[in-house]
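What follows is a single structure, written as structure tokens, with notes after it.
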Amino acid sequence: MNYEDILANLKKKIYHPVYFLMGEESYFIDQITDYISKNVLTDAEKGFNQHVLYGKDTDVDTIITHSRRFPMMANHQVIIVKEAQNIRKIEDLEAYIKAPLKSTILVINYKYKSIDKRKGFAKQLAKNCVLFESKKIYDNKLPAWINGYLSSHGYSIEPQASAMLAEYLGTDLSKVTNELNKLIISLPKGTKISPDHIEKNIGVSKDYNIFELQNALGTKNVLKTNQIISYFAANPATNPFTRTIGSLYFYFSKLLKFHFLKDKSPNSVASALQINPFFVRSYTDAAKVYNPKKLVAIIGILREYDMKSKGMGNVSTSHGDLQKEMIYKILH
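Structure follows, in structure tokens:
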């Protein structure tokens with residue numbers, strides 16, 4: 007069962023005796039848990055029937071004891087186990103999982119890792135309860151996720167703005183949703199969010215960001231490139247050197263891949279490079295500026311400066327000066 011199905015069932019009051027929520031991405035685990043915590047019981051029922059346990063302070067026997075109690079003056083009791091990844095021998099819960107009490111809703115938060123699905127415990131979970139794995143979202147999938155989140159709240163977003171947010175915020179969905187909610191609160195429903203909105207409400211510069219740097223490099227606009235990299239050097243907290251290197255590495259790697267695509271139609275390029283079709287034109291134009299030999303050399307330059315940014319082969323040069331050196335080598 008996926009995240010959307012679980013929430014849809016909960017909203018219909020279709021409950022299961024056990025929810026085992028595991029995986030690297032905590033956002034979906036927290037959303038499911040919060041919904042159960044806030045909506046299954048009334049405020050009056052929660053006093054006797056809703057309990058929160060923590061993995062570091064509890065054990066399997068305590069969880070089972072709580073779970074086998076019957077609710078008081080309510081149809082259900084809710085037991086939430088947070089930080090369950092810290093529980094020793096959690097597989098000993100199998101005895102309860104085989105025959106859970108139907109009036110109990112046991113929610114287990116097993117964050118940042120997953121249990122071995124090949125073992126008997128996982129098979130019992132899959133058979134008798136909701137076993138959900140919250141997987142980390144990949145960088146290339148984040149803009150689409152942002153689009154979907156905003157669409158569900160009645161907003162749309164320009165591709166450039168979506169890409170700006172994805173690059174600036176990273177894949178921590180809790181952080182991403184916090185920033186998106188700022189936009190939702192600040193802007194009227196139905197707004198198509200632009201880079202201007204991002205700059206005003208979140209603080210990401212619409213003129214000095216990684217995508218403007220890529221565009222400037224892609225057209226060999228030396229003046230604009232130097233302006234942006236100087237801005238990055240002056241604002242290292244919001245534009246860390248290592249992130250710039252990583253973003254440029256993926257950009258130039260995709261540009262190299264573009265040269266060897268047999269089908270260079272927009273849809274085919276977008277699919278092969280895993281980019282929004284909106285950006286295909288910029289890759290097509292940049293490929294005319296950088297031949298494969300130069301791109302291989304650029305990737306080598308990026309690797310060199312990645313090592314230098316971590317102190318290897320560099321003792322005293324600042325990150326700001328390293329960035330300027332790197333960009334000069336890329337352009338010349």
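Just so you know, the sequence shown maps onto residues 7 to 338 in this note's numbering.
Using N, Cα and C, we set each Cβ at its ideal position, and we do this for glycine too.
Nothing here was measured: the structure is a model prediction, and the numbers come from that model.
{"Asked": "Cβ neighbours of Ile208 in the same chain (closer than 6 Å, five flanking residues each side left out)", "Found": "Glu185"}
{"Asked": "Buried/exposed call for Thr231, threshold 16 Cβ in 10 Å", "Found": "buried"}
{"Asked": "Between the CA atoms of Gly29 and Ala105 - distance to the nearest angstrom", "Found": "24 Å"}
{"Asked": "Cutoff 6 Å; reference Val136; Cβ partners in own chain excluding five residues on either side", "Found": "Met7, His22 and Tyr25"}
{"Asked": "Ile114 - containing beta strand (DSSP E), residue span", "Found": "Thr110 to Lys117"}
{"Asked": "Cut-off 8 Å between Cβ atoms - residues of its own chain near Lys142, not counting five sequence neighbours on either side", "Found": "Gly29, Glu30, Glu31 and Thr177"}
{"Asked": "Cα-Cα separation between Pro149 and Ala80, rounded to whole angstroms", "Found": "43 Å"}
{"Asked": "C-alpha distance - Gly61 paired with Asn297, whole-angstrom precision", "Found": "55 Å"}
{"Asked": "Closest Cα partner of Phe127 within the set Arg74, Lys299, Lys117 and Ile96", "Found": "Ile96"}
{"Asked": "Start-end ranges of the beta strand (DSSP E) lying completely within the region 82 to 158, minimum 3 residues", "Found": "83 to 88, 110 to 117 and 136 to 139"}
{"Asked": "Under the three-state DSSP convention, the category Ile38 falls into", "Found": "helix"}
{"Asked": "Rounded separation between Ile12 and Val210 - CA only", "Found": "35 Å"}
{"Asked": "CB contact flag (Leu254, Phe264, <8 Å)", "Found": "no"}
{"Asked": "Segments of 3+ residues assigned as beta strand (DSSP E) that fall wholly inside the region 196 to 258", "Found": "none"}
{"Asked": "Best match in Leu99, Asp327, Gly160 and Gly196 for proximity to Asp65 [C-alpha to C-alpha]", "Found": "Leu99"}
{"Asked": "Other residues of its chain near Asn245: CB distance less than 6 Å, five sequence neighbours each side excluded", "Found": "Phe238"}
{"Asked": "Backbone secondary structure at Tyr174 - three-state DSSP", "Found": "helix"}
{"Asked": "Inter-stretch contact at 8 Å, needing at least 3 Cβ pairs: the region 198 to 205 / the region 46 to 57", "Found": "no"}
{"Asked": "Residues near Lys314 in its chain [Cβ-Cβ closer than 8 Å; skip 5 each side]", "Found": "Asn320, Thr323 and Leu328"}
{"Asked": "Sub-8 Å separation of Ala132 and Gly224 beta-carbons", "Found": "no"}
{"Asked": "6 Å CB neighbourhood of Asp312 in its chain, flanking five on each side removed", "Found": "Ile251"}
{"Asked": "Separation of Leu112 from Tyr257, as counted between CA atoms", "Found": "45 Å"}
{"Asked": "Option nearest Lys198 by Cα separation, candidates Lys119, Asn153 and Lys44", "Found": "Asn153"}
{"Asked": "Per-residue burial, Met78 [other beta carbons within 10 Å of its own, 16 or more giving buried]", "Found": "exposed"}
{"Asked": "Straight-line Cα distance separating Gln91 from Arg74", "Found": "22 Å"}
{"Asked": "Three-state secondary structure (DSSP) of Ile20", "Found": "coil"}
{"Asked": "Expected contact under 8 Å - CB spacing of Phe34 and Pro165 to nearest Å", "Found": "Actually they do not touch by this definition, with Cβ atoms about 25 Å apart."}
{"Asked": "Within 8 Å, strictly: CB atoms of Val84 and Ile69", "Found": "no"}
{"Asked": "Leu59 - containing beta strand (DSSP E), residue span", "Found": "Gln56 to Tyr60"}
{"Asked": "Between the CA atoms of Lys147 and Ala169 - distance to the nearest angstrom", "Found": "10 Å"}
{"Asked": "Alpha-carbon spacing of Ile281 relative to Ser274, whole angstroms", "Found": "10 Å"}
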